[in-house]
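As structure tokens, the structure follows; a few thoughts come after it.
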Amino acid sequence: MKLNTIKRAAGALTAPKRVGRGIGSGLGKTCGRGHKGSFARAGKGKIKAGFEGGQMPMHMRLPKIGFRSKMAADTAEVLLYKLDLLDAGTVDFAALRAAKLVPSTAKRAKIVMKGEVTKAFVLKGVTATAGAKAAIEAAGGKFEE
Numbered sequence: 059m060k061l062n063t064i065k066r067a068a069g070a071l072t073a074p075k076r077v078g079r080g081i082g083s084g085l086g087k088t089c090g091r092g093h094k095g096s097f098a099r100a101g102k103g104k105i106k107a108g109f110e111g112g113q114m115p116m117h118m119r120l121p122k123i124g125f126r127s128k129m130a131a132d133t134a135e136v137l138l139y140k141l142d143l144l145d146a147g148t149v150d151f152a153a154l155r156a157a158k159l160v161p162s163t164a165k166r167a168k169i170v171m172k173g174e175v176t177k178a179f180v181l182k183g184v185t186a187t188a189g190a191k192a193a194i195e196a197a198g199g200k201f202e203e
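Be aware that the sequence shown starts at 59, since it is given in the numbering used here, and climbs by one per residue.
Right, here's the structure in full:
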């Protein structure tokens with residue numbers, strides 16, 4: 059194979075439509091644009107995304123459901139078994155951030171039940187799910203505000 063012998067595959071390149079070339083071409087007179095309407099006009103063929111011809115659009119017809127709290131977006135989840143990486147004692151938000159269990163963008167932390175905890179922790183200023191709270195208290199830990 060040589061560079062000067064390379065060709066496109068058969069049918070890969072189609073000729074452009076030649077509009078406005080008489081009745082026999084099939085694309086004469088209106089040039090495939092139909093009669094009247096916005097698509098027949100020059101430069102007016104665009105419509106807004108979601109526009110449905112004046113009918114009530116889908117995004118307005120459907121019910122609005124769901125809600126995401128901004129507070130939830132600022133809260134980092136810490137898995138219960140990862141607490142064992144820390145030294146037993148008092149654990150607060152600063153200690154979790156220092157251990158890189160919480161990202162720098164988070165403003166608060168919540169302990170989530172996954173795995174087991176073996177050490178006794180005193181948690182200050184950190185919330186927990188009901189299951190995580192029970193597991194921490196069963197291991198001899200407690201929560202302080």
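No residue lacks a Cβ here, since even glycine has one placed at the ideal position from N, Cα and C.
#1: Please report the distance separating the alpha-carbon of T244 from that of F201.
#2: Evaluate contact between the region 121-128 and the region 92-109, counting only Cβ atoms and requiring at least three cross-stretch pairs below 8 Å.
#3: At the level of alpha carbons, what is the spacing between R166 and T185?
#4: Please say whether A197 and V175 have beta carbons closer to each other than 8 Å?
#5: Which full runs of the beta strand (DSSP E) of 3+ residues lie inside the region 85-112, going along the chain?
#6: How many angstroms separate the CA atom of G80 from the CA atom of A70?
#7: Tell me whether the beta-carbon of V170 lies closer than 8 Å to the beta-carbon of G147.
#8: Taking 8 Å as the limit between beta carbons, can you name the residues of its chain near T150, skipping five residues before and five after?
#9: Go ahead and label A131 buried or exposed: buried means 16 or more other beta carbons lie within 10 angstroms of its beta carbon, across all protein chains shown.
#10: If we ignore side chains and look at the alpha-carbon of each, how far apart do P161 and R155 end up?
In brief:
#1: Nothing can be reported for residue 244: it is not among the residues displayed for the chain, which extend from 59 to 203.
#2: No, the region 121-128 does not touch the region 92-109.
#3: Straight-line Cα distance between these residues: approximately 9 Å.
#4: Pairing V175 with A197 gives a Cβ-Cβ distance under 8 Å.
#5: Contiguous beta strand (DSSP E) elements confined to the region 85-112 do not occur, taking only those with 3 or more residues.
#6: Each residue's alpha carbon lies about 27 Å from the other.
#7: No Cβ-Cβ contact shorter than 8 Å links V170 with G147.
#8: The question names Thr, but residue 150 is Asp in the sequence shown. The residues are L181, K182, G183 and V184.
#9: That one is exposed.
#10: The C-alpha of P161 lies about 7 Å from the C-alpha of R155.
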